[in-house]
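Novice:
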Amino acid sequence: MHVDRAGFVWGGPIRSALVCALLLAATAWAPSVAFELVFGAVLIGVVDPGASFGHRVRGMGGAMLLIATATALGVLVAAFPPARVPVAALFALVCGYLAILGPRGAAAGMVALVAFAVYTGSGISPSQLLPTLGLILGAGFIQLVVALVPDIAGRMDASRSELFLAWRALGTSLRDSWGSSAWIMAPVAITRARGNLAASGAQGATQAWLTTLIARCEDARTGVVALAALRDDEDPGRAAAAARFRAAAALLALRIGEGLHLPFLRRRVGPAAAAMEEAADAACAVLPAPWDHVIDRMRLDLRSAAALTTGPWPVGRAVERTLSVGLRGTGSLEKVRHGDPTGIYRAHAVRLAIAYAAATVVAMLVAPWFPNLVATPLTVALLLRPDLAGTEVKVVGRIVGTTLGLVAVLGVLALFPSTPVAIVLVGISAAAFFAFVASNQQLCAAGITGIFAVLPWIGGRPLEAIAISSAVGTGLAIIVTLAVIALWRPARSLPLARALADQAAALARYTSLALAAGDPAEEEAARRALVGRGVAAAGAIDAALLELGTHRLDPELAHAVFLQLVDGVAVVAAAEMTGEQVARGLADTAGVAATEELGLRLDRLEREGAPGPRAAGAAGGGRYGRAIERAHLLLGPLGG
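The sequence shown begins at 118 in the working numbering and counts up by one.
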């Protein structure tokens with residue numbers, strides 16, 4: 118069961134889970150209101166964007182309005198059954214299109230559809246609508262306030278969490294094997310953190326502190342890429358020294374992240390920094406130029422970050438920042454209007470409307486045997502995604518997670534049937550749901566299943582009925598989802614040859630600018646574009662490995678070509694870190710030409726089914742050229 122460790126944060130999820138558990142405990146003597154309170158807290162907790170104050174107010178506040186709308190619609194159509202299916206389809210159409218706003222937009226649409234499904238089958242009369250809305254929105258407001266308290270107090274909790282994720286991604290990429298998903302995706306966490314920190318409202322010393330910490334992380338990441346070029350070093354002593362330094366640097370990066378997230382862990386940064394310095398000295402003693410310079414540059418970055426982490430923080434009473442909701446200039450309206458040139462999100466919205474309506478019909482048809490089977494449309498809302506790979510992962514994760522959640526929660530309740538135990542189970546389940554919503558589908562599904570198993574039991578429903586309705590509802594939802602994607606398959610990932618062609622073109626441009634030593638701003642823009650193309654290619658390969666069907670380029674072969682391109686990036690990164698080293702044979706113009714040709718061959722492969730033969734000319738020299746030549750050779754059996 119893989120967990121994306123670089124994307125896992127525990128502070129906020131535990132805090133939000135405690136809110137859910139305490140709200141349930143507060144209703145121990147009034148179980149009739151327990152469901153609405155915990156339900157509202159869960160739905161608002163899962164849409165917490167965890168970024169700046171303004172992001173949180175906009176994201177969670179907007180989700181509250183959407184959930185209120187969904188609840189009202191659900192209660193009203195429940196009183197008028199003929200409207201249930203058409204309203205379900207139209208509402209799913211709107212909520213599905215919210216995925217165009219990004220992950221949190223998709224989450225807001227998802228929780229709204231969950232609320233609609235629950236209250237169309239709840240049996241609540243329209244006369245009870247206002248009290249129900251009051252309980253849900255009241256719990257959501259409590260969740261919002263609790264999430265904002267650290268920022269209001271000036272602790273910069275959300276910004277420190279962003280730094281934690283970035284530094285953890287750096288440490289994980291140093292520790293994991295070369296070419297792993299963590300190694301490839303670390304730039305995503307760093308780029309996201311940089312953007313969120315810029316929008317944090319920090320000023321003065323606080324802004325300088327945050328900016329310097331993320332800059333040191335990003336600079337050290339360049340060193341991580343550069344060190345990858347040492348993989349083929351034949352000297353065992355050099356390889357061992359580089360490996361020891363990577364391990365020590367990884368530990369320090371992880372300790373810095375943990376210390377920034379949880380201040381009481383800062384005491385562990387000092388020993389890790391000392392171990393890193395010792396490993397850096399040993400590596401520099403045996404590594405020739407430019408690799409000793411790379412080690413020294415990384416040492417300075419890590420040393421600076423360690424000092425900033427263990428020193429005084431400009432937060433709390435010393436904070437310099439403004440709190441602003443920033444309703445203007447968010448760009449959401451423009452995304453809705455013009456952000457879908459390929460039509461992927463429009464197609465997803467229509468597909469979700471069809472699937473959600475079909476699930477609603479199924480729930481109505483089986484009502485004589487399974488009354489109020491809300492799990493079917495609810496699960497469809499959780500499963501269906503704009504892309505095929507994402508939907509397939511959700512389906513598998515939901516099956517495993519539902520089984521795990523039901524067995525664990527209902528088993529504990531069967532052995533210890535008491536309200537205090539139920540409260541603890543809700544807290545644990547909510548923590549799993551919040552913490553793993555982006556990093557592990559199985560544990561996330563287990564968490565939400567546990568919550569929806571405990572709450573009906575609190576309301577007096579037998580455990581056997583809960584287990585049967587959850588299993589049947591989830592099974593029917595999976596059947597509906599698979600039927601819909603079989604009839605209308607979601608968009609596949611970016612074609613592999615196209616993704617690699619874009620990556621090769623970006624690498625060629627970046628390398629040519631590095632060789633020319635021209636405008637630094639232009640070179641930086643090219644570097645960022647290369648990072649984006651590399652992440653897109655890695656994502657396309659990962660998705661292709663999960664998708665059914667065939668591709669122009671086999672995913673395993675695409676991954677091999679991708680690694681050769683990353684080898685080229687590593688060489689240029691090492692050269693860039695040491696300035697004039699580019700001119701000493703690490704890369705040359707012939708290597709750039711070979712990279713451009715590789716991009717053209719990959720483009721031809723996507724368009725025509727074969728890459729075509731190599732053009733006449735000399736191959737590139739040095740480490741860079743050898744990596745690109747290996748990529749060309751990999752395409753040979755395809756018709757080159």
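C-beta atoms are modelled at their ideal positions from N, C-alpha and C, and glycine is treated no differently.
Once you ignore the five residues that flank glutamine 698 on each side, which residues in its own chain have a CB closer than 8 angstroms to its CB?
Specialist: Counting from one through the sequence shown, the residue named residue 698 turns up at place 581. Note on glutamine 698: pLDDT 49, under 50, position unreliable in the model; no value is reported.
Novice: Here's a check: name, in chain order, each residue in its chain whose Cβ is nearer than 6 angstroms to the Cβ of alanine 358, leaving out the five neighbours to either side.
Specialist: If you number the sequence shown from 1, residue 358 lands on position 241. The residues are Ala399, Ala400, Val403.
Novice: Cβ of glycine 176 within 8 angstroms of any heavy atom in the ligand ADP?
Specialist: Summarising the ligand content, the structure contains no ligands, and the ligand ADP is consequently not present.
Novice: Report the residue from Phe208, Tyr627, Leu599, Phe551 whose alpha carbon sits nearest the alpha carbon of valine 513.
Specialist: As a first step, residue 513 must be located in the sequence shown, where it is residue number 396. With distances taken between Cα atoms, valine 513 lies closest to Leu599.
Novice: Let me confirm a value: alanine 423 is counted as buried when at least 16 other C-beta atoms fall within 10 Å, else exposed. Which label applies?
Specialist: Position 306 of the sequence shown holds residue 423. Classification for alanine 423: buried.
Novice: For the stretch 541-553 and the stretch 128-146, state whether three or more C-beta atom pairs, one from each stretch, are separated by less than 8 angstroms.
Specialist: yes
Novice: Would you identify the three-state DSSP class for arginine 502, choosing helix, strand or coil?
Specialist: Taking the sequence shown and counting its residues from 1, one reaches residue 502 at position 385. Three-state result, arginine 502: coil.
Novice: Isoleucine 301 and leucine 254 - do their beta-carbons sit closer together than 9 angstroms?
Specialist: If you number the sequence shown from 1, residue 254 lands on position 137. If you number the sequence shown from 1, residue 301 lands on position 184. No, they are not a contact pair.
Novice: Using a threshold of 9 angstroms, state whether the C-beta atoms of valine 683 and tyrosine 627 are closer than that.
Specialist: In the sequence shown, residue 683 corresponds to position 566, counting from 1. In the sequence shown, residue 627 corresponds to position 510, counting from 1. Taking 9 angstroms as the Cβ cut-off, valine 683 and tyrosine 627 do not qualify as a contacting pair.
Novice: May I have a chain-ordered list of the alpha helix (DSSP H) segments no shorter than 4 residues that lie completely inside the stretch 637-677?
Specialist: With a minimum length of 4 residues, the continuous alpha helix (DSSP H) runs that stay inside the stretch 637-677 are 637-663.
Novice: How long is the line joining the alpha carbons of alanine 370 and leucine 287, rounded to whole angstroms?
Specialist: As a first step, residue 370 must be located in the sequence shown, where it is residue number 253. As a first step, residue 287 must be located in the sequence shown, where it is residue number 170. One C-alpha to the other measures close to 7 angstroms.
Novice: Would you give the residue range spanned by the alpha helix (DSSP H) that phenylalanine 620 belongs to?
Specialist: As a working note, residue 620 is residue 503 in the sequence shown. Per the sequence shown, the amino acid found at residue 620 is glutamine instead of phenylalanine. 613-633 is the span of the alpha helix (DSSP H), which, as asked, contains glutamine 620.
Novice: From proline 220 to proline 353, what does the alpha carbon distance come to, in whole angstroms?
Specialist: Working through the sequence shown from its first residue, we reach residue 220 at position 103. Working through the sequence shown from its first residue, we reach residue 353 at position 236. Roughly 45 angstroms between the two C-alpha positions.
Novice: Measure from the alpha carbon of tryptophan 114 to the alpha carbon of each residue in Val159, Ala345, Thr426, Glu153, then state which is nearest.
Specialist: The chain is shown from 118 up to 757; residue 114 falls before or after that span and cannot be answered.
Novice: What does DSSP give as the partner residue(s) for arginine 438 in the beta ladder?
Specialist: On the sequence shown, residue 438 is found 321 positions in, with the first residue counted as 1. In the DSSP output, where bridge partners are listed per residue, arginine 438 has Ala319.
Novice: Determine the contact status of threonine 477 and threonine 493, defining contact as a CB-CB distance below 9 angstroms.
Specialist: By one-based count along the sequence shown, residue 477 stands at place 360. By one-based count along the sequence shown, residue 493 stands at place 376. Yes, the Cβ-Cβ distance between threonine 477 and threonine 493 is below 9 angstroms.
Novice: Using the Cα positions of glycine 105 and alanine 584, report the straight-line distance between them to the nearest angstrom.
Specialist: There is no way to answer for residue 105, as the model of the chain reaches only from 118 to 757.
Novice: Would you identify the three-state DSSP class for serine 535, choosing helix, strand or coil?
Specialist: Position 418 of the sequence shown, counted from the start, is the residue given in the question as residue 535. Of the three classes helix, strand and coil, the one that applies to serine 535 here is coil, per DSSP.
Novice: Who are the Cβ neighbours of alanine 389 in its own chain at under 6 angstroms, not counting the five residues just before and after it?
Specialist: By one-based count along the sequence shown, residue 389 stands at place 272. Hits under 6 angstroms: Leu368, Leu369, Arg372.
Novice: Check whether the Cβ atoms of glutamate 437 and proline 431 sit closer than 9 angstroms, and answer yes or no.
Specialist: Stepping through the sequence shown from its first residue, residue 437 is reached at position 320. Stepping through the sequence shown from its first residue, residue 431 is reached at position 314. Contact: yes.
Novice: Is valine 543 closer than 9 angstroms to valine 529 when the C-beta atoms are compared?
Specialist: For the purposes of this step, residue 529 is identified with residue 412 of the sequence shown, where counting begins at 1. For the purposes of this step, residue 543 is identified with residue 426 of the sequence shown, where counting begins at 1. No, they are not a contact pair.
Novice: Do you know offhand how far proline 612's Cα is from leucine 210's?
Specialist: Numbered from its first residue, the sequence shown carries residue 612 at position 495. Numbered from its first residue, the sequence shown carries residue 210 at position 93. Proline 612 and leucine 210: Cα-Cα distance of roughly 27 angstroms.
Novice: Compare the beta carbon distance of glycine 179 and leucine 469 with 9 angstroms and say whether it is the shorter of the two.
Specialist: Here the question's residue 179 lines up with position 62 in the sequence shown. Here the question's residue 469 lines up with position 352 in the sequence shown. Result no, Cβ atoms of glycine 179 and leucine 469 do not sit closer than 9 angstroms.
Novice: Buried or exposed, going by whether 16 or more other CB atoms sit within 10 Å of the CB of alanine 466?
Specialist: Sequence index remark: in the sequence shown, residue 466 carries index 349 (1-based). The residue in question, alanine 466, is buried, as its Cβ has 16 or more Cβ neighbours within 10 Å.
Novice: Here's a check: name, in chain order, each residue in its chain whose Cβ is nearer than 7 angstroms to the Cβ of proline 304, leaving out the five neighbours to either side.
Specialist: By one-based count along the sequence shown, residue 304 stands at place 187. Same-chain partners within the cutoff: Arg338, Val648, Val652.
Novice: Select from Leu580, Asp293, Pro534 the residue whose C-alpha is nearest the C-alpha of alanine 345.
Specialist: For the purposes of this step, residue 345 is taken as residue 228 along the sequence shown, with counting starting at 1. The shortest C-alpha separation from alanine 345 is found at Asp293.
Novice: Excluding the five sequence neighbours on either side, which residues of its own chain have a C-beta within less than 6 angstroms of the C-beta of alanine 145, listed in chain order?
Specialist: For the purposes of this step, residue 145 is taken as residue 28 along the sequence shown, with counting starting at 1. Taken in chain order, the residues that qualify are Thr536.
Novice: CA-CA distance, isoleucine 545 and glycine 564?
Specialist: By one-based count along the sequence shown, residue 545 stands at place 428. By one-based count along the sequence shown, residue 564 stands at place 447. Those two C-alpha atoms are separated by around 8 angstroms.
Novice: For serine 244 and leucine 580, I'd like the C-alpha separation in whole angstroms.
Specialist: Locating residue 244 in the sequence shown gives position 127, counting from the first residue. Locating residue 580 in the sequence shown gives position 463, counting from the first residue. Using only the alpha carbons, I get a separation of about 30 angstroms.
Novice: Hey, is the stretch 189-204 in contact with the stretch 264-282, meaning 3+ C-beta pairs nearer than 8 angstroms?
Specialist: no
Novice: Report back the beta-carbon spacing between phenylalanine 233 and phenylalanine 208 to the nearest angstrom; my notes put them in contact at under 8 angstroms.
Specialist: Position 116 of the sequence shown, counted from the start, is the residue given in the question as residue 233. Position 91 of the sequence shown, counted from the start, is the residue given in the question as residue 208. That belief holds up - the Cβ atoms of phenylalanine 233 and phenylalanine 208 are roughly 6 angstroms apart, short of 8 angstroms.
Novice: Once DSSP output is grouped into helix, strand and coil, what is the label at alanine 690?
Specialist: Sequence index remark: in the sequence shown, residue 690 carries index 573 (1-based). Note: alanine 690 maps to helix in three-state DSSP.
Novice: Once you ignore the five residues that flank tryptophan 574 on each side, which residues in its own chain have a CB closer than 7 angstroms to its CB?
Specialist: Counted from its first residue, the sequence shown places residue 574 at position 457. Closer than 7 angstroms at the Cβ level, and outside the excluded window around tryptophan 574, lie Leu530, Ala539, Leu580, Ile583.
Novice: Going along the chain, which residues of its own chain have a beta-carbon closer than 8 angstroms to the beta-carbon of glutamate 394, five neighbours each way excluded?
Specialist: Mapped onto the sequence shown, residue 394 falls at position 277. Excluding sequence neighbours, glutamate 394 sits near Arg416, Arg420.
Novice: Starting from the C-beta of alanine 588, find all residues in its chain whose C-beta is less than 8 angstroms away, skip the five residues before and the five after it, and write them out in chain order.
Specialist: Within the sequence shown, numbered from 1, the residue matching residue 588 stands at position 471. Thr519, Leu523, listed in sequence order.
Novice: Does proline 485 come out as helix, strand or coil in the three-state DSSP assignment?
Specialist: Against the sequence shown, residue 485 aligns to sequence position 368. Here proline 485 sits in coil by DSSP.
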